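S.K.:
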Amino acid sequence: MLKWLGEEANQVIGEWGRETGREDLWHEPLLAVAAADDPLFSRLGSVVAPDHAMPRDLLAGARSVLVFFIPFTERLARENDGEREFAARSWAEAYVVTNRLIQTMSERLKTSIEERGFDAAITPATHNFDEERLVSGWSHKHIGFIAGLGTFGCHHWLITRAGCCGRLGSLVTSLPMAPTPRPGIEYCLLKAGGKCGACYRKCRYQALFPHRFDRQACYRQCLVNDAHYAELPLVDVCGKCGCMVPCSHGIPRTPEAGQPGER
Ligand code: SF4
Ligand code: SF4
Numbered sequence: 001m002l003k004w005l006g007e008e009a010n011q012v013i014g015e016w017g018r019e020t021g022r023e024d025l026w027h028e029p030l031l032a033v034a035a036a037d038d039p040l041f042s043r044l045g046s047v048v049a050p051d052h053a054m055p056r057d058l059l060a061g062a063r064s065v066l067v068f069f070i071p072f073t074e075r076l077a078r079e080n081d082g083e084r085e086f087a088a089r090s091w092a093e094a095y096v097v098t099n100r101l102i103q104t105m106s107e108r109l110k111t112s113i114e115e116r117g118f119d120a121a122i123t124p125a126t127h128n129f130d131e132e133r134l135v136s137g138w139s140h141k142h143i144g145f146i147a148g149l150g151t152f153g154c155h156h157w158l159i160t161r162a163g164c165c166g167r168l169g170s171l172v173t174s175l176p177m178a179p180t181p182r183p184g185i186e187y188c189l190l191k192a193g194g195k196c197g198a199c200y201r202k203c204r205y206q207a208l209f210p211h212r213f214d215r216q217a218c219y220r221q222c223l224v225n226d227a228h229y230a231e232l233p234l235v236d237v238c239g240k241c242g243c244m245v246p247c248s249h250g251i252p253r254t255p256e257a258g259q260p261g262e263r
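If you read the sequence shown in the working numbering, its first letter stands for residue 1, the second for the next number, and so on.
Below, the structure written as structure tokens:
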């Protein structure tokens with residue numbers, strides 16, 4: 001990872017916090033890089049959607065894909081968990097403002113790259129998915145996995161070094177960068193053979209069960225929250241299964257399971 005990209009990302013978060021008066025929403029972002037020709041990209045067609053884009057569909061001369069994760073603060077997770085029926089207002093509002101932050105972050109990183117003589121193409125923060133199939137044409141979380149940013153939890157979120165509570169963005173560039181090594185271990189306690197299942201217990205909406213995820217039921221609940229906060233822009237979010245669980249804000253560790261993810 002090139003140091004100046006990390007510094008640029010930190011600067012954007014700092015400026016946004018000061019300008020919006022919302023310094024209590026985010027922690028420092030994590031960045032990771034995938035090679036545009038990583039063989040795992042060719043598997044996204046079967047794992048995510050047949051029409052999932054490849055890096056070179058977005059930028060003909062793509063050499064790298066840069067993925068960033070903006071962690072949410074513990075307060076947001078606590079408030080979302082504390083609200084019984086709906087997503088917390090603060091969680092819904094954070095979603096809206098973070099979408100704008102992701103757009104700004106992507107544009108700033110793109111400009112920085114272009115100033116050094118390379119090309120970059122940005123991708124939308126969200127709602128780049130097929131509304132019937134609920135699959136994405138550019139899945140930031142799968143690309144985050146390829147870039148070594150983390151591993152998937154049983155709740156289908158990406159668990160990073162800073163946990164799963166937060167948002168992802170990505171851009172494609174002609175700038176050659178060394179790929180970030182993938183973790184090589186499972187961060188999710190259950191997937192690593194330990195004890196947990198906290199995320200299943202958080203879902204009260206018949207969407208997440210051991211060994212089963214009902215994507216349609218999950219999205220129905222997200223639309224219930226959107227209707228509940230009708231005065232806000234689109235907030236099709238829920239997030240209860242990622243809040244106040246062992247992997248919310250870091251690589252999970254429990255006394256029962258010992259070290260996280262060691263196989
Ligand atoms: S809550 Fe536990 S089981 Fe669920 S994803 Fe996190 S570590 Fe895995
Ligand atoms: S986001 Fe909400 S509805 Fe979807 S699986 Fe998690 S807790 Fe269940």
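Every residue gets a Cβ at the ideal spot worked out from N, C-alpha and C, and that includes glycine.
Note that the coordinates shown come from a computational prediction; the quantities given were computed from them, not determined experimentally.
What number of angstroms, rounded off, separates the C-alpha of Ala-218 from the C-alpha of Asn-80?
M.R.: Walking along the sequence shown from the start, residue 218 turns up at place 218. Walking along the sequence shown from the start, residue 80 turns up at place 80. In the sequence under discussion, the amino acid at residue 218 is Cys, which differs from the Ala named in the question. Roughly 16 Å separates the two Cα atoms.
S.K.: Once the 5 residues before and after Phe-213 are set aside, which same chain residues still bring their CB inside 6 Å of it?
M.R.: As a first step, residue 213 must be located in the sequence shown, where it is residue number 213. Here the set comprises His-156.
S.K.: Cβ of Pro-50 within 7 Å of any heavy atom in ligand 1?
M.R.: Here residue 50 corresponds to residue number 50 of the sequence shown, with the count starting at 1. Outside the cutoff, so no.
S.K.: Pair every Cβ in the segment 66–79 with every Cβ in the segment 24–36, then say whether three or more of these pairs are closer than 8 Å.
M.R.: Yes, the segment 66–79 touches the segment 24–36.
S.K.: Nearest CA to the CA of Ser-46: which residue from Phe-152, Arg-78, Gly-239 and His-142?
M.R.: Position 46 of the sequence shown, counted from the first residue, corresponds to residue 46. Ranking Phe-152, Arg-78, Gly-239 and His-142 by Cα distance to Ser-46 puts His-142 first.
S.K.: Alpha carbon to alpha carbon, what distance is there between Pro-39 and Arg-167?
M.R.: Here residue 167 corresponds to residue number 167 of the sequence shown, with the count starting at 1. Here residue 39 corresponds to residue number 39 of the sequence shown, with the count starting at 1. Each residue's Cα considered, the two are about 25 Å apart.
S.K.: Pick out every residue whose C-beta is nearer than 6 Å to a heavy atom of ligand 1: which are they, in chain order?
M.R.: Answer in sequence order: Gly-153, Cys-154, His-155, Cys-188, Leu-189, Leu-190, Cys-196, Gly-197, Ala-198, Cys-199, Val-245, Pro-246, Cys-247 and Pro-252.
S.K.: Considering just the uninterrupted stretch of the alpha helix (DSSP H) at Pro-55, what are its terminal residues?
M.R.: Against the sequence shown, residue 55 aligns to sequence position 55. Here the alpha helix (DSSP H) through Pro-55 covers 55–58.
S.K.: Cβ of Tyr-95 within 7 Å of any heavy atom in ligand 2?
M.R.: Start at 1 with the first residue of the sequence shown, and residue 95 comes out as number 95. Result no, Cβ not under 7 Å from ligand 2.
S.K.: With a threshold of 7 Å on Cβ separation, who are the neighbours of Gly-6 within its own chain once the five nearest residues in sequence on each side are excluded?
M.R.: In the sequence shown, counting from the first residue as 1, residue 6 sits at position 6. Correct list, in chain order: Leu-31.
S.K.: Say the cut is 7 Å; is the CB of Lys-3 nearer than that to a heavy atom of ligand 2?
M.R.: As a working mapping, residue 3 is identified with position 3 in the sequence shown. For ligand 2, not one heavy atom lies less than 7 Å from the Cβ of Lys-3.
S.K.: Do Ala-53 and Gly-117 have their CB atoms nearer than 8 Å?
M.R.: On the sequence shown, residue 53 is found 53 positions in, with the first residue counted as 1. On the sequence shown, residue 117 is found 117 positions in, with the first residue counted as 1. Going by C-beta atoms, Ala-53 is not nearer than 8 Å to Gly-117.
S.K.: Out of Glu-85, Ser-174 and Asp-57, state which residue places its alpha-carbon closest to the alpha-carbon of Ala-227.
M.R.: By one-based count along the sequence shown, residue 227 stands at place 227. Minimum Cα distance to Ala-227 is reached at Glu-85.
S.K.: Give the straight-line distance between the Cα atoms of Arg-263 and Lys-191, rounded to the nearest whole angstrom.
M.R.: The count along the sequence shown starts at 1 and reaches residue 263 at position 263. The count along the sequence shown starts at 1 and reaches residue 191 at position 191. Because the pLDDT of Arg-263 is 24, which lies under 50, any placement of that residue in the model is unreliable, and the question is left without a value.
S.K.: Between which residues of its own chain and Ser-106 is the CB-CB distance below 7 Å, once the five residues before and five after are set aside?
M.R.: On the sequence shown, position 106 is the one that residue 106 refers to. The answer, listed in chain order, is Ile-122, Gly-169 and Leu-171.
S.K.: In this structure, how does DSSP classify Val-224 when only helix, strand and coil are distinguished?
M.R.: Within the sequence shown, the letter at position 224 stands for residue 224. In the structure shown, Val-224 sits in a helix (DSSP, three-state: H, G or I).
S.K.: Since Val-65 contacts Pro-55 with CB under 8 Å, what's their CB separation in whole angstroms?
M.R.: Against the sequence shown, residue 65 aligns to sequence position 65. Against the sequence shown, residue 55 aligns to sequence position 55. Yes, they are in contact, since the Cβ atoms of Val-65 and Pro-55 sit about 5 Å apart, within 8 Å.
S.K.: May I have the straight-line CA-CA distance separating Arg-182 from Gly-144, to the nearest angstrom?
M.R.: Within the sequence shown, the letter at position 182 stands for residue 182. Within the sequence shown, the letter at position 144 stands for residue 144. For Arg-182 and Gly-144, the distance between alpha carbons rounds to 10 Å.
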